[in-house]
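Here the structure is laid out as structure tokens; the discussion comes afterwards.
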Amino acid sequence: MSLAQNKTPSNVDIFTNMFSAIQNVKTLRADVSTDERIIDHINHTHFAVKLNVSPYEAYSKDLDKGVEILYREGKNNGEAIINPNGFPYINVHLDPMGKTMRKDQHQTITRLGFKYISDVLYHFIATYPDAYTHYIKRDADTVYDGYACYKMEINFSTYANATYVVKNAGETVMKLAATYRISEYQLLTLNNISWYNDELSIGRKILLPNAYAKTTILFIRKDNYLPVVIRIFDDKGFFEQYTYSHLQLNATIPDSEFTENYPGYHF
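So the sequence shown is numbered by this note's numbering: it starts at 249 and just counts up by one.
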């Protein structure tokens with residue numbers, strides 16, 4: 249059955265179609281707004297982005313500060329190229345996972361697009377097979393960026409922070425977050441750990457959320473089934489939000505647009 253024919257999709261249909269739509273994204277251009285809770289305040293950013301999913305190539309420009317970032321997986325010794333649009337007035341090359349680029353933000357340039365949230369949600373549903381009947385509900389439809397959207401809500405009533413005992417050498421925030429599909433930033437700050445790649449000592453007890461979010465709200469466009477608004481809450485309240493507007497999908501992006509010398513860039 250085509251998406252157009254399915255006029256009253258079930259919650260399972262909506263999520264299944266969303267996962268499929270995300271897998272079919274090859275390229276995108278969009279304006280992306282982010283709101284992230286950092287300690288006790290909300291950081292807001294607004295970017296213009298270009299993304300080629302495979303091989304992974306990403307360009308972003310902060311529309312408020314003018315900072316540009318270019319990242320090509322496997323190129324430039326794994327580093328991103330940054331035009332800081334200010335001091336030190338030269339391009340800098342930085343590790344996307346390093347302390348400078350990850351300071352005061354939840355995500356990284358390596359997670360543009362929808363794959364990361366798809367992995368998180370897919371893991372949640374696989375971990376809690378009763379999610380569709382117990383936690384996921386469809387709210388009243390809404391409109392975002394001029395497009396009709398399904399408004400889906402996941403209320404994980406049994407969300408909690410459980411005690412986890414580090415069992416193996418080499419365990420880090422990064423590895424634990426990847427294994428359990430939870431927020432690295434949340435795990436870091438919840439346990440006052442100094443950095444994402446710090447090795448945790450065997451026997452150390454830390455708090456580990458049993459899911460990425462207590463509440464997740466998604467606006468999923470009806471025409472393409474992509475989650476263009478992603479709003480996350482934890483046990484303290486609002487945690488993060490990511491929105492995609494002016495979305496252009498699967499149009500070829502020339503290789504030249506992922507180079508420093510592309511006209512209009514200022515690297």
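Don't be surprised by glycine CBs; every beta carbon is placed ideally from N, CA and C.
In whole angstroms, what separates the C-alpha of residue i from that of residue j?
| i | j | result |
| --- | --- | --- |
| D367 | Y337 | 38 Å |
| G492 | D279 | Reading the sequence as shown, one finds Tyr at residue 492 and not Gly. Distance between the alpha carbons of Y492 and D279 is about 6 Å. |
| Y473 | D261 | 10 Å |
| T293 | Y376 | 33 Å |
| Y210 | E401 | This structure does not reach residue 210, given that the chain is present from 249 up to 515, and the question cannot be answered. |
| N265 | H514 | 39 Å |
| Y304 | A269 | 18 Å |
| D312 | A374 | 39 Å |
| N440 | V414 | 15 Å |
| L436 | K255 | 43 Å |
| R386 | N259 | 7 Å |
| H289 | D283 | 10 Å |
Going by the DSSP bridge assignment, what does residue i pair with across the sheet?
| i | result |
| --- | --- |
| V280 | F295 and Y492 |
| K453 | V413 |
| K309 | A296 and E316 |
| L466 | M400 and I478 |
| T427 | Answer by DSSP bridge pairing: none, since T427 is not bridged. |
| P511 | Y513 |
Should residue i go down as buried or exposed, given a rule of 16 or more other Cβ atoms within 10 Å for buried?
| i | result |
| --- | --- |
| I287 | exposed |
| V421 | buried |
| A482 | Looking at the sequence provided, one finds Asp at residue 482 rather than Ala. Classification for D482: buried. |
| Q271 | exposed |
| G361 | buried |
| S308 | buried |
Quick one: what's got a C-beta closer than 7 Å to residue i's C-beta in the same chain, skipping five residues either side?
| i | result |
| --- | --- |
| T390 | C397, K399 and F467 |
| R285 | F486, F487 and E488 |
Would you please state the rounded distance, in angstroms, between the beta carbons of residue i and residue j? I believe it to be under 8 Å.
| i | j | result |
| --- | --- | --- |
| N458 | Y407 | 7 Å |
| L299 | L497 | The pair is not a contact, with the Cβ atoms about 10 Å apart (cut-off 8 Å). |
Can you find the residues in the same chain that come closer than 6 Å, C-beta to C-beta, to residue i, ignoring five residues on each side of it along the sequence?
| i | result |
| --- | --- |
| I430 | P457 and Y460 |
Taking 8 Å as the limit between beta carbons, can you name the residues of its chain near residue i, skipping five residues before and five after?
| i | result |
| --- | --- |
| E321 | P303, Y304, E305 and T358 |
| M249 | Residue confidence for M249 is low, a pLDDT of 42 falling below 50, so the modelled location carries little weight; the figure read from the coordinates is stated next. If we look at M249 and ignore the five residues flanking it on each side, it has no Cβ neighbours. |
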